[in-house]
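Trainee: Residue numbers (our numbering): 1205 to 1587.
Here a beta-carbon is modelled for each residue, glycine too, at the ideal position from N, C-alpha and C.
Below you will find the structure I want to go over with you.
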């Protein structure tokens, strides 16, 4: 087992032991292919998938369980939603509106769609990472067919006004997609209340297994159609072909049910933990600055600039003691500054002095996070 305290829950979360227990039979005893419904083994697997679909649909407030399509994660879900919607509705228009701080799986997909004729507008954000609803309305054109805005940012934790965006999109009869990967554990996600037509989830962000996720596709008012992106077999109502990951799907549903049950008590505990650690750091180093919105943010997110301390140096100093991030973990293969922090107006020096801490369920038992951080920062500042 890895040493130290894990503080990178935006990148991934540990699989809950109760979730693992629910999954285990589907690796061994109930190993059937959910598409092989001519025999009992296949039927048992299919039933497990449909039970999981029903649980997730209920939590999201879907009108039909069939509105949930299983994928390999939010990256695939974002691709299916964006590419599928653009190709299906491009005869009505080619304009897509998104934001400058979306996850790379959205931004890179939009960049790809430009090759197919998409006209993409990326909304700027203020110093807190929020978009302007007025600016959104101003950017809508007659040929706007899709708006894509993440629920909560994976780096600075800022939460967007999703329901208000949904109302704007609905009034203009524009499809609205939301990447909700980071929000599922801690925010209420009811698709009708939010006014979303497409929504992406990733299991490993809420203590479920890696390699499984889902996309919600509205079936009523309006009925959303998507052009198929992954071909071969017509699984998942033709939206996503491929043999279903039955253990993963069972685990995803169980994890989401558990997250829903623990949501409000866990939110309060994590908020107190985060705020207490920030206060202790701020007392020790008054020049520390908070990135993201001070209130409208994910409760487990702490993204801070530590003047005079390079983030990578602090990570190296505390290696084996604390595991946290110096930027978006999903884009570390690219040696460049965070596009999110750039969009907030930070300069290069501030960006390289920024760390992201993502608290989680098991950090509630840890009491030496602050002292370890403070000691590490002091040692670097003394050099």
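For the ligand GTP, is there a heavy atom less than 8 Å away from the beta-carbon of residue 1382?
Mentor: Judged by which ligands are present, the structure shown has none, so any question about the ligand GTP falls away.
Trainee: Between the alpha carbons of residue 1536 and residue 1356, how many angstroms are there, rounded?
Mentor: Only weak support is given to the placement of residue 1536: the predicted model assigns it a pLDDT of 49, under 50, and the value that follows is read from those uncertain coordinates. For residue 1536 and residue 1356, the distance between alpha carbons rounds to 20 Å.
Trainee: Thinking just about the alpha-carbon of each residue, which of 1577, 1492, 1504 is nearest to the one in residue 1525?
Mentor: 1577
Trainee: What would DSSP say about residue 1493, mapped onto helix, strand or coil?
Mentor: In the structure shown, residue 1493 adopts extended strand secondary structure according to DSSP, grouped into three states.
Trainee: Spatial neighbours of residue 1512 within its chain, please: C-beta separation below 7 Å, excluding the five flanking residues on both sides.
Mentor: 1585
Trainee: Considering only residues of the same chain and omitting the five flanking positions on each side of residue 1484, which have a CB-CB separation below 6 Å?
Mentor: 1574
Trainee: List in chain order: all unbroken alpha helix (DSSP H) runs of 4+ residues lying wholly within the region 1276 to 1358.
Mentor: 1278 to 1293, 1308 to 1318, 1337 to 1343
Trainee: Got a sec? Which residues, its chain only, sit under 8 Å from residue 1568 by beta carbon, not counting five neighbours each side?
Mentor: 1473, 1474, 1477
Trainee: So, at 6 Å on beta carbons, what are the nonlocal neighbours of residue 1293 in its own chain, with the 5 sequence-adjacent residues on each side left out?
Mentor: Beyond the five residues adjoining it in sequence on each side, residue 1293 comes within less than 6 Å, by CB distance, of 1349 in the same chain, given in chain order.
Trainee: Roughly how many whole angstroms lie between the Cα atoms of residue 1262 and residue 1269?
Mentor: 8 Å
Trainee: So who's on the other strand from residue 1362, going by DSSP bridges?
Mentor: As a beta-bridge residue in DSSP terms, residue 1362 pairs with 1501.
Trainee: Under the three-state reduction of DSSP, which class applies to residue 1439: helix, strand or coil?
Mentor: coil
Trainee: Would you verify that the beta carbon of residue 1233 is, or is not, closer than 9 Å to some beta carbon of chain B?
Mentor: Within the model displayed, chain B is absent; a lone protein chain is all it includes.
Trainee: Starting from the C-beta of residue 1522, find all residues in its chain whose C-beta is less than 6 Å away, skip the five residues before and the five after it, and write them out in chain order.
Mentor: 1580
Trainee: From which residue to which residue does the beta strand (DSSP E) around residue 1558 run?
Mentor: 1558 to 1562
Trainee: When you compare only the Cα positions, how much space is there between residue 1430 and residue 1290?
Mentor: 8 Å
Trainee: Are residue 1381 and residue 1395 close, meaning C-beta to C-beta below 9 Å?
Mentor: no
Trainee: Does DSSP put residue 1475 in a helix, in a strand, or in coil?
Mentor: Three-state result, residue 1475: helix.
Trainee: What does residue 1427 pair with, by DSSP beta-bridge criteria?
Mentor: 1423
Trainee: Would you identify the three-state DSSP class for residue 1533, choosing helix, strand or coil?
Mentor: Reliability fails at residue 1533, whose pLDDT of 46 lies under 50, so the model's placement of it is uncertain and no value is given.
Trainee: Just to confirm the assignment, what range does the alpha helix (DSSP H) spanning residue 1262 have?
Mentor: Start and end: 1244 to 1264.
Trainee: From residue 1352 to residue 1503, what does the alpha carbon distance come to, in whole angstroms?
Mentor: 23 Å
Trainee: For residue 1560, count neighbouring C-beta atoms within 10 Å of its own C-beta (all shown protein chains included) and say buried if the count is 16 or more, exposed if not.
Mentor: Counting Cβ neighbours within 10 Å, residue 1560 comes out buried, since at least 16 surround it.
Trainee: Of all the options 1406, 1337, 1468, which has the alpha carbon lying nearest to the alpha carbon of residue 1216?
Mentor: 1406
Trainee: Between the Cα of residue 1224 and the Cα atoms of 1447, 1403, 1411, 1465, which residue gives the shortest distance?
Mentor: The residue with the shortest Cα to Cα distance from residue 1224 is 1411.
Trainee: Would you tell me roughly how many angstroms separate the C-alpha atoms of residue 1532 and residue 1244, rounded to the nearest one?
Mentor: Legend: pLDDT at residue 1532 = 44, less than 50; position of this residue unreliable, no value from coordinates given.
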